[in-house]
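These protein sequences, in sequence, are chains Y and V.
Under this note's numbering, the first residue of the first sequence is numbered 1, with each subsequent residue one higher.
Under this note's numbering, the first residue of the second sequence is numbered 1001, with each subsequent residue one higher.
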Amino acid sequence: MTTGTPHASRTGGVTVQAQQLDKRYGPREVLRRLQLTVAPGEFVAIVGRSGCGKSTLLRLVAGLEHASAGRLDIDGEPARGLRTGTRIMFQEARLLPWKRVLDNVMLGLPAQARPRAREVLAQVGLAEREHEWPARLSGGQRQRVALARALVHQPSLLLLDEPLGALDALTRIEMHRLIEGLWQRHGFTALLVTHDVQEAVALADRVILIEEGRIALDVPVDLPRPRSQGDAAFAALEKRILDRVLRQSARAA
Amino acid sequence: MTVQAETFAAPAADGATEATSGAALLRDAAIGAGRRLLPWLLPLALLIGWQAASSLGWLSSRVLPAPADVLRAASQLALSGELWTHVKVSAGRALLGLAIGGGLGLALGLLTGSVRACETLLDTTVQMVRNIPALALIPLVILWFGIDESAKVFLISVSVFFPIYLNTFHGIRNVDPQLIEMGRTYGLSRWGLYREVVLPGALSSILVGLRFSLGLMWVILIVAETISARSGIGYLTMNAREFLQTDVVLVGILLYALLGKLADLFARALERGWLRWHPGYQK
Chain Y
1 MTTGTPHASR
11 TGGVTVQAQQ
21 LDKRYGPREV
31 LRRLQLTVAP
41 GEFVAIVGRS
51 GCGKSTLLRL
61 VAGLEHASAG
71 RLDIDGEPAR
81 GLRTGTRIMF
91 QEARLLPWKR
101 VLDNVMLGLP
111 AQARPRAREV
121 LAQVGLAERE
131 HEWPARLSGG
141 QRQRVALARA
151 LVHQPSLLLL
161 DEPLGALDAL
171 TRIEMHRLIE
181 GLWQRHGFTA
191 LLVTHDVQEA
201 VALADRVILI
211 EEGRIALDVP
221 VDLPRPRSQG
231 DAAFAALEKR
241 ILDRVLRQSA
251 RAA
Chain V
1001 MTVQAETFAA
1011 PAADGATEAT
1021 SGAALLRDAA
1031 IGAGRRLLPW
1041 LLPLALLIGW
1051 QAASSLGWLS
1061 SRVLPAPADV
1071 LRAASQLALS
1081 GELWTHVKVS
1091 AGRALLGLAI
1101 GGGLGLALGL
1111 LTGSVRACET
1121 LLDTTVQMVR
1131 NIPALALIPL
1141 VILWFGIDES
1151 AKVFLISVSV
1161 FFPIYLNTFH
1171 GIRNVDPQLI
1181 EMGRTYGLSR
1191 WGLYREVVLP
1201 GALSSILVGL
1211 RFSLGLMWVI
1221 LIVAETISAR
1231 SGIGYLTMNA
1241 REFLQTDVVL
1251 VGILLYALLG
1261 KLADLFARAL
1271 ERGWLRWHPG
1281 YQK
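And the structure:
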């Protein structure tokens, strides 16, 4: 797991560029003239308190919602609805309970994709569970299947909407390793929304804090991968970001 | 408390089984068999009591014939082929009614469940008509269709329509919107979304509707056949009543029960097959 090594199956990432992005629900302004540029293949984590607009931003990039004003470009083209190269991992695994694991991974794909689906399932470590019903899997395993389902499409942009929020601490650390490894291997651009600053620092090249619909902090994470949470530099950075989040919270309260 | 009691009791039990393991095994087997037979004890006792009461003359055969007589009547009817003709006619009516009413209910439920405009247009009307009991229609149905086959099939169709319609509608409406959103983001077409997400998601509810309908189907059939019929199980029993053949009447009643049970087993088999993924239907 060395950083940035080109790999045969790398699909490459896309740029994401938001300019003066506004999103309103009625009178409520969720995003205000937001500016953001994500480089191809970059892993960006978006943190913030609940209701700060971080999930809305992700849904805009996903094409599930439309901006009220401003510009959003993906791969140099204006974002218009759902894009084939973009895949999302939701907070819940959202597996179809009536399809076996492998068929869930193959959702929307022709039968010829079966070998590739098996391969990706093996990459998330669930090759031997391919005939299982999702109801029989643990929460972590379900999210791994959801990850495989996203990766089998060889996305150029992977959006992660707090996908590990419901998992226990140990499973979460395992999933960090897995996501980091697959990101390095496939080379897609990744946008991770999380409320967990530690998770953001563990995974991202850059951590962005959104407050009141705007970017309040943009910190590069220059720590070698794989990162260890016991590391002093890691802890210092995590504390710095967390303090900044809490300062705002204190002011708001 | 219970946990504690168990942990204390365990070593003692272990010692006992070691000493007399063969006897204990035999005893366990006996207990297992006993537990399986126990639920059948009461029905069996009732049957024996009934037979005894008839044989001893306490129970007039006009009121209730002996089980042996019922069995004899059934075997005679089966051997003469009469039984099968009537069962076939009755089952044919029931299934035809189910196919027509259930098919329409399913189609309309899918339509109103999936298309908002159709719901606005149709659902209020269907909900109003639903409140009319099917059996209240009998005088009207006799005026329309006479006392013909079509009258019976019509009554069955009307009564099975509503459970299937309602459950299909609700099944489709209650499909997890998060799964639909997921399907959309994974590039499923409209039809793909319907086939992979909406229909399987509504299936358990549709099958509940089917089970309700199957129950109703037999009730309505019995009423319809009792009113007037020239064949079928209802005809068999009404005819037998005229000649005071209580044993044949009882055969008819048991046949209805048997067909009802068969229909229920069929519906359960469908559930076990189609809802294999559902933790609630796994053995």
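Note that CB positions come from ideal geometry on N, CA and C, so glycine has one too.
Check, Outcome
"8 Å contact criterion, which L1047 (chain V) and P1065 (chain V) should meet: CB distance rounded", "Incorrect: roughly 13 Å between the Cβ atoms, too far for contact."
"Sequence-distant residues of its chain with Cβ nearer than 6 Å to Q20 (chain Y) (five each side left out)", "R33 and G70"
"Same chain only: Cβ atoms within 8 Å of L1218 (chain V), ignoring 5 sequence neighbours per side", "For clarity, residue 1218 (chain V) is Trp in the given sequence; the question names Leu instead. Taken in chain order, the residues that qualify are A1094, Y1256, L1259, G1260 and A1263."
"Test: A135 (chain Y) CB closer than 9 Å to a CB of chain V", "yes"
"M89 (chain Y) - DSSP class collapsed to helix/strand/coil", "strand"
"Assigned exposure category for P1163 (chain V) - 16 Cβ within 10 Å defines buried", "buried"
"Other residues of its chain near D22 (chain Y): CB distance less than 8 Å, five sequence neighbours each side excluded", "E29, L31, R32, R33, L34, A67, S68, A69 and G70"
"Contact check, E1225 (chain V) vs K1152 (chain V), beta carbons under 9 Å", "yes"
"Reference R1272 (chain V), options V:G1034, V:V1208 and V:L1077, closest by Cα", "V:V1208"
"Cα-Cα separation between I1222 (chain V) and V1115 (chain V), rounded to whole angstroms", "37 Å"
"DSSP three-state assignment for D1176 (chain V), whether helix, strand or coil", "coil"
"Completely contained beta strand (DSSP E) runs for the stretch 90-173 of chain Y, where each covers 3 or more residues", "157-161"
"Buried versus exposed, by CB contacts within 10 Å (16 or more), I1132 (chain V)", "exposed"
"Nearest-angstrom beta carbon gap, I1227 (chain V) and G1252 (chain V) [assumed within contact, 8 Å]", "That belief does not hold up - the Cβ atoms of G1252 (chain V) and I1227 (chain V) are roughly 15 Å apart, past 8 Å."
"As assigned by DSSP and simplified to three states, the class of E1119 (chain V)", "helix"
"Cβ pair G1102 (chain V), S1213 (chain V) closer than 9 Å", "yes"
"Which residues DSSP lists as bridging D1247 (chain V), in chain order", "According to DSSP, which records beta bridges pairwise, D1247 (chain V) is partnered with nothing at all."
"Residue from V:R1211, V:P1139 and V:I1142 with nearest C-alpha to L1166 (chain V)", "V:R1211"
"Any C-beta of chain V under 9 Å from that of A62 (chain Y)", "yes"
"Host alpha helix (DSSP H) of R1067 (chain V) (start-end)", "Contrary to the premise, residue 1067 (chain V) reads as Pro rather than Arg in this sequence. Note, P1067 (chain V): alpha helix (DSSP H), P1067 to S1080."
"contact_flag[the stretch 127-142 of chain Y, the stretch 79-95 of chain Y] where n(CB pairs < 8 Å) is 3 or more", "yes"
"For G85 (chain Y) and V193 (chain Y), believed in contact at Cβ under 8 Å, the rounded distance", "Contact doesn't hold; Cβ gap of about 19 Å is too wide."
"CB-CB length for G51 (chain Y) against E211 (chain Y), believed under 8 Å", "About 11 Å separates the two Cβ atoms, so there is no contact after all."
"Members of the stretch 1173-1188 of chain V that neighbour chain Y once the beta carbon cut-off is set at 9 Å", "D1176, Q1178, L1179, E1181, M1182, G1183, R1184, T1185, Y1186, G1187 and L1188"
"Every unbroken alpha helix (DSSP H) inside the stretch 1126-1182 of chain V [4 residues or more]", "1138-1145 and 1149-1173"
"Per-residue contacts from W1277 (chain V) into chain Y (C-beta, under 7 Å)", "P97, W98, W133 and A135"
"Supposed contact pair A62 (chain Y) and T1185 (chain V) - C-beta distance, whole angstroms, cut 8 Å", "7 Å"
"Under 7 Å from the C-beta of R94 (chain Y): neighbouring residues of chain V", "Q1178, L1179 and M1182"
"Short CB-CB distance (under 9 Å) between E1271 (chain V) and chain Y", "no"
"Proximity below 9 Å, CB of Q123 (chain Y) to CB of R172 (chain Y)", "no"
"Beta-carbon proximity of L60 (chain Y) to A79 (chain Y), cut-off 9 Å", "yes"
"E1018 (chain V) burial status per 10 Å Cβ neighbour count (16 or more: buried)", "Bear in mind that the predicted position of E1018 (chain V) carries a pLDDT of just 49, short of 50, making it too unreliable to give a figure here."
"Under 7 Å (Cβ pairs) to chain V, residues found in the stretch 100-119 of chain Y", "L107 and G108"
"For G1109 (chain V) and L147 (chain Y), the rounded distance between their alpha carbons", "35 Å"
"Chain-ordered chain V contacts of L82 (chain Y) [CB-CB under 8 Å]", "R1184, T1185 and G1187"
"Nearest-angstrom Cα separation, counted from C1118 (chain V) out to R1241 (chain V)", "49 Å"
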